[in-house]
Every structure is written in structure tokens, then in C-alpha cells.
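2 protein chains.
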Amino acid sequence: MSVSIKDVARAAGVSPATVSRALGRGPVSDELRAQVEAAVRATGYRPNLAARRLRSQDSGTIGLIVADIRNPFFTAVSRAVEDSAYRAGMRVILCNTDEDPDREASYLQLMHEERVTGLILAPTRASYEQLPKRQVDFPVVLIDRAGPPGLHDSVVLDNREATATLVAHLVSRGYRQIGGLFGNASSTGAERREGYEAAMRQHGLTPDARLTAPSSAAAQREMQDWLRAPQRPRALLVSNSLLLIGVIRAARAAGLRIPQDLAVAGFDNESWTELVEPGMTVIEQPVEDIGRTAMSLLFERLKTPGLPVRKVVLSGRCIVRGSTDAA
Amino acid sequence: MSVSIKDVARAAGVSPATVSRALGRGPVSDELRAQVEAAVRATGYRPNLAARRLRSQDSGTIGLIVADIRNPFFTAVSRAVEDSAYRAGMRVILCNTDEDPDREASYLQLMHEERVTGLILAPTRASYEQLPKRQVDFPVVLIDRAGPPGLHDSVVLDNREATATLVAHLVSRGYRQIGGLFGNASSTGAERREGYEAAMRQHGLTPDARLTAPSSAAAQREMQDWLRAPQRPRALLVSNSLLLIGVIRAARAAGLRIPQDLAVAGFDNESWTELVEPGMTVIEQPVEDIGRTAMSLLFERLKTPGLPVRKVVLSGRCIVRGSTDAA
DNA sequence: ATGCGATATGAAATCGTTTTCATGCCATCT
DNA sequence: AGATGGCATGAAAACGATTTCATATCGCAT
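Going down the list, the sequences are from chains A and B. Just so it is clear: in the first sequence, position 76 is 76 by the UniProt record's numbering, and no numbers are missing. Just so it is clear: in the second sequence, position 318 is 318 by the UniProt record's numbering, and no numbers are missing.
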């Protein structure tokens, strides 16, 4: 089988305890340390993490649960998370829920069984009610979507501010019939919708929001009907970049020019939003910051468990492009 | 501390062995099984995976090492991998190498320490020489990039065929001065370059290839100069979607219209390649198939270790759009 | 010279499971 | 009736590390 610490000990002529100390931190004479290192090289020894975890009760693993890694927002965040983990010498277990509460529950269970050191979680809407009941024995940092207040640390975008910015921008460009298309699966969609509706009212306008399943195809289907309706919007606020793709497709299929027939503003500053004609006005989320900050919160809480629950609200940056030029 | 199998055993009035058998598969009377299940619910017991792994010598974990999860190709593949793993009741550890051999080596080491059940790896170029030396005690499936022949199972795109298709297509559209831009970090870039050069010669044309670091920004810089050169290409074959973005930016910055001044063909059928004006002619890679197939190869090899080494070569699909219209 | 503290090392316990081995029981066959 | 075999169960070993506890050695102060 695999070579164990005992084999190394024998090869080095010392006890297993000494090998462990030489490899970790512990008082070992330089002489023995050298012997151990030589023995490690000679035997090709690699510590067994399962055994180490079992004994030291520290998994050195952090869980990352997102809706779908193919959503560019989560892609970028996960990359930042993985980087932080690597630097801290920790591992990342990646999980996609597809916004499915059962799958999420199953992954939360897994996190317990793995005895993860911490968890970065983009909760489904269902877990909003589940989380408080569920007793977790590791720190959790929520990203993208805040959970029940005061329960877990979180890093979120200021969605109200972002939507207000977009609405104000569209209004300033002369648009009045501004619709909103939001994902129906996440609390982020809901928050952006609320922000949108509040902003619209503040401008004395009537909100006109629709919800859709969080995929380009679903968004395209939803828009197909909507754009044919007599009271169709002249401008559209779109909750994320996947939906935005569906919107653009639907607009083109309906023969509507952007922005002349339909202005469009969205979220997530993907490279393509600049390349497409016209460029898309979007709110850029600080994706790397979100991932990094989430990991910082996690590490700080690990170091100081007594810390009060913190919610970090980051501002997006509005990038204006041709898709919202005045009609 | 956490509740262990002993606590459950006590609560159920049975031995730990019986609890283990009741929860796994093993002969247990229905009566005791019910008692155990009740005790599990009562105590909130969750098995400790570290302990289970240590004893059963099966980590139930597969490693996934890619260059950068933000490359849409790897994003899609990783999602397929995670799905397969979930269905098989296994976990996925995600690692990004950034094409850095040291980081890759460190992650390979980690895979050993985790005693992973299997590994899906997109090897860096350096590992082409390293892999044969390195002794691995778990099955490895290479994706996107084949390693030294006959060593590991692999799933790759038929790069020669794909590039030949693109070159033939461009030629049929009347282009002669066809350049090629390829990533310098991966063997995929190298293969596509070779395929491109071979195809060019077959058509009696002179290849004109350039290499660049695998990022949009680097590609843009490289193109900036190239497009100013007197003998600049009239058409361009681009090795992946990140580079493609850089190419489009550079073309626009140089005031070159696509395809009138510069035809462009690339890889990876991202949504945006259809939305951008003109649409991009690309080779669509069967990303989900690649991920799924990789996992299948892995599982088959686990079941039947004696299997000969297999290399699955999948064909891309050429999607013709406006970016390669005749000049 | 003696005792004491510090320090390096080894022996053994421990982490929480699974698995082997032993045991007792019951049914079945000769 | 006694031997045999199968089956459910429990006791205990084992997985491979870390950590606690005990011990030997050494230097130094008394």
C-alpha cells in the first residue's frame, strides 16, 4: 500500500512522533530533521490528509456553494475564493445547486460531513427559511444574497442603489416606460426588483416588472410575448447577464433596434457587453472583491469567533454605453 | 464536541458496528435498523468523512485541475464534471493552475495527499515532461490537452480537423492571407497552430502564426502591432474565445471592419459570439460531452483497471456566421 | 556533588469510522 | 439427536496521522 509515517520513521531511525514534529512544527534537532527529510524523499512519503484531519480536527477545507458556476458572476467569485484558499493552504469543494433546495440541502449536509472549516454560500430562496433552523458548526459567509438578518456574515451588492442608478440614468435619457426583468429564483432578483419598483415610484413612474426562470432561454421566451404587447416597455432593466442575452435575442427576433426601439440596461460587466453593438449599459459588480472579502470575513471569524455579524455592502459601478442612448 | 457513532450506538442501545451496518449496507434486522435511524434523527448524527475515508481507504473525491475556471471552456466542462460527480455521490475539489507549473505541481501533490479517487486534469505544457516521471496511484483523465501518448486516458477535441475546417472555410470564402493567433501556454494552442500550418500548406498558402499569452489583453496587444504591419493578414484564425475578444478589440481600435477589412474565425460557441456584430464564425466544442466523457472514462477505469489507455477525440462543429463573409 | 528546569525524543492514546473475527442463536439436514 | 450452516450482532483491531504524557539527557546553579 501507500507509505505511511511509520515507514518514514523506520527509514529515518526515529519514532513516528518525531517525523510528525519534523514535518510540522515542533522541537526537533537539526540533525534528526535532516534525517527525516532525507527519509521522506527516499520513501516518497505523502501525508494522508484524512488521517491528519481526523486527529487534528481541522479539515483545512472550505465549501463553496453557488447556483451555477456557469453564471459569470459566480465564475469570477469562485476564482477569487480559490485564490484566497490556495494562499491560505486550504482546499475548495465546489458545489452547484441550480437553485434547487433539495440539492442545496444535500450539499449542506455534505459540508457537515466534511467538517469544513468554513462555507461560502449563495443561498437559494428556500434556504432563507431553512438556514435559521439548521444548526451549523462552522462559519458561513453568504454572497450575492443576504440571508435572514443577523445570522451570518455576508457580502452583497447594494442592489437598491444599483437599480436606482440605472432607473435614474434611463429617466435622465428621457425614458418613461421602463420595464424590469428579474430572475425568480434568487433573492437577488427580488431585491433588484424592489429597488427598481421603489426607484420608479420615486420618479413618479409606474413600475412594470416581470419574473422569469434564471436562464437566457427562459428570458427570451418571456420577452417574446412582452415585446409584442401593446403597452410594451421602451426601456428595460435586466437583472443579470444571462437574462440580458435572452433580452437581446428577443429584441432582435422582434425586429426592435437597441436603443432606438428599446433601451436596455443590465448587470455584470462581461467583456461581450462592450463588444456587442451597441455596447450594453451595465452595473459592474466588484466580483473579485466579493470573493476576496467573503474569504476575509471567514478567516476573521475563524480567528475571532465572538465578532458581531457583519454585512458588507459593496457598490456597483455604472458603465454607460450605447444601449441606453436617448431615444 | 460533535456527536459520533458511539453516541448513536448508545442512544439506540446497539453497538457502533451495528450503527455502521445499518447506515451502510450490511445485514441488520429491520427492528434494529429502525432503532438506529430513530437514534440518528434524535442525536442529529452526521458521519465524519475523514474517519470514514481513513478506514475505508476511499476518499470519494475527485480532483479537477484546470488552467482557469474563468475560461468559458473550463467553466462548462467543470460544470459537467460536477454533475457527474454529484450523481455518483462524489465530491469535487477545484484547482486553477494559471498555467503555472509550480502551482500545478503543488496541486498534484495535494491530490495525492487527499488520496483522490481520480483526477481530471488539463495539464500545463511543463507537465508534459513531468507526468511520466511522476508516479500516480489514482486514475488520471486528461482533458483539452493530451499528454504523452499511452500514459493516461484523455478526451480532446480534434484540433487538426477543426483548424483544417476553419482554414478550408476561409479559403472557400476567397481569403488567402490568413494569419493565426494561438495561446503560447497550452499544448492546445500548439496543436491548433500545427493544424493551421499544415492546412495552409495543403492549400498552397504560407502560414503566418503568432503566439501570445492566454489572455484577452495580451492578444489585443499582440494584434495592435500585427494589424499595423504592411503584410497584415486579411483573415485571422484565433485559438480560443479569450483571445478572440482581444482580436475584436484590436480590430476596432485599428478601425478595421469585420469582415470587410479582416475576417475572423475562432473557437468556442459562447452566447456572445452570436450577439456581436457581425456574428463570429467559430468551432463549437462539445463541452458537456467532454466533461461527461472524462468522468465516464474515469469510472470505467476504476471499475476495470486493466483497460488499455483510451484517447477519445471529439469533433467540433463549425458554426458559420458573418465574421467570415467573403471580402 | 546534587538537584532542578529545559529540551529533545519515544511510547502510547486518540480521533471516528469500517471491517474482521468471534459468538450465539436458530433452522435444517442426516 | 447431533452436526452443520447461515445469520445477526458485538468486541476489538485497524486505518495513519497528531498530541499527550513520560523519560532521558544536558546544562547550570546551588
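Backbone N, C-alpha and C fix where the C-beta goes; we use that ideal spot for every residue, glycine too.
Reference residue 59 of chain A, options A:33, A:11 and A:118, closest by Cα
A:118
Taking the alpha helix (DSSP H) that residue 328 of chain B belongs to, which residues open and close that run?
Here chain B comprises residues numbered 1 to 327, so residue 328 of chain B is not present and cannot be evaluated.
Could you work out which residues of chain B lie near residue 93 of chain A, taking near to mean beta carbons separated by less than 9 angstroms?
61, 91, 92, 93 and 94
Could you confirm whether any beta carbon from chain A is found closer than 8 angstroms to the beta carbon of residue 47 of chain B?
yes
Let me check understanding here. Comparing Cα to Cα, which of A:123, A:26 and A:134 lies closest to residue 156 of chain A?
A:123
With a threshold of 8 angstroms between beta carbons, is residue 187 of chain A in contact with chain B?
no
So what's residue 334 of chain B in DSSP terms, helix, strand or just coil?
Residue 334 of chain B is absent from the structure shown; chain B starts at 1 and stops at 327.
Please compile the residues from chain B whose C-beta is within a distance smaller than 9 angstroms of the C-beta of residue 298 of chain A.
Ordered by position in chain B, no residue passes the 9 angstroms Cβ test against residue 298 of chain A, which lies about 17 angstroms from the chain.
N- and C-terminal bounds of the beta strand (DSSP E) containing residue 99 of chain B:
Neither: residue 99 of chain B is in no beta strand (DSSP E) and is coded neither H nor E.
Cβ closer than 9 angstroms: which chain B residues qualify as neighbours of residue 386 of chain A?
Here chain A has residues from 1 to 327 only, and residue 386 of chain A is not among them.
Under 8 angstroms, Cβ to Cβ, is there at least one residue of chain B near residue 245 of chain A?
yes
With which residues is residue 311 of chain A paired in a DSSP beta bridge?
A:154
Is any beta-carbon of chain B found at less than 8 angstroms from that of residue 9 of chain A?
no
To the nearest angstrom, how far is it from the Cα of residue 65 of chain B to the Cα of residue 234 of chain A?
46 angstroms
Could one say the Cβ of residue 323 of chain B lies closer than 8 angstroms to chain A's Cβ atoms, at least one of them?
no
Chain A contact for residue 302 of chain B (CB, 8 angstroms cutoff)
no
Taking beta-carbon pairs under 8 angstroms, can you tell me which members of the stretch 95-113 of chain A lie near chain B?
95, 96, 103, 109, 110, 112 and 113
At a CB-CB cut-off below 9 angstroms, which residues of chain A make contact with residue 276 of chain B?
272, 275, 276 and 277
Between which two residues does the alpha helix (DSSP H) holding residue 258 of chain A run?
No alpha helix (DSSP H) contains residue 258 of chain A, which DSSP labels as neither H nor E.
Tell me the rounded alpha-carbon separation between residue 267 of chain B and residue 216 of chain B.
14 angstroms
Per the contact definition of three or more C-beta pairs closer than 8 angstroms, is the stretch 167-180 of chain A in contact with the stretch 290-300 of chain A?
no
Using a 10 Å radius around the Cβ and a threshold of 16 neighbouring Cβ atoms, would you call residue 276 of chain A buried or exposed?
buried
For residue 265 of chain B: DSSP bridge partner residues
B:237 and B:281
Cβ-based neighbour list, residue 343 of chain B, same chain, cut-off 6 angstroms, excluding 5 preceding and 5 following:
With chain B covering only 1 through 327, there is no way to say anything about residue 343 of chain B.
Does chain B have any CB closer than 8 angstroms to the CB of residue 216 of chain A?
yes
Closer than 7 angstroms: is that where the CB of residue 94 of chain B sits relative to any heavy atom of the ligand NAD?
Questions concerning the ligand NAD fall outside what the structure shown contains, since it holds no ligand whatsoever.
The stretch 14-34 of chain B touching the stretch 308-325 of chain A, judged by at least three CB pairs closer than 8 angstroms:
no
Buried versus exposed, by CB contacts within 10 Å (16 or more), residue 68 of chain A
buried
Could you pull the start and end residues of the beta strand (DSSP E) that residue 138 of chain A belongs to?
Per DSSP, residue 138 of chain A belongs to no beta strand (DSSP E) and is neither H nor E.
Please state whether DSSP places residue 43 of chain A in a helix, a strand or coil.
helix
Collapsed DSSP secondary structure at residue 185 of chain B in the structure displayed:
coil
Give the straight-line distance between the Cα atoms of residue 108 of chain B and residue 320 of chain A, rounded to the nearest whole angstrom.
44 angstroms
Could you work out which residues of chain B lie near residue 75 of chain A, taking near to mean beta carbons separated by less than 7 angstroms?
69, 70 and 75
Just list the residues that DSSP pairs residue 209 of chain B with in beta bridges.
B:180
Any contact of the stretch 67-86 of chain A with the stretch 69-82 of chain B, i.e. 3+ C-beta pairs under 8 angstroms?
yes
By alpha-carbon positions, which one of A:229, A:131 and A:263 ends up nearest to residue 244 of chain A?
A:263
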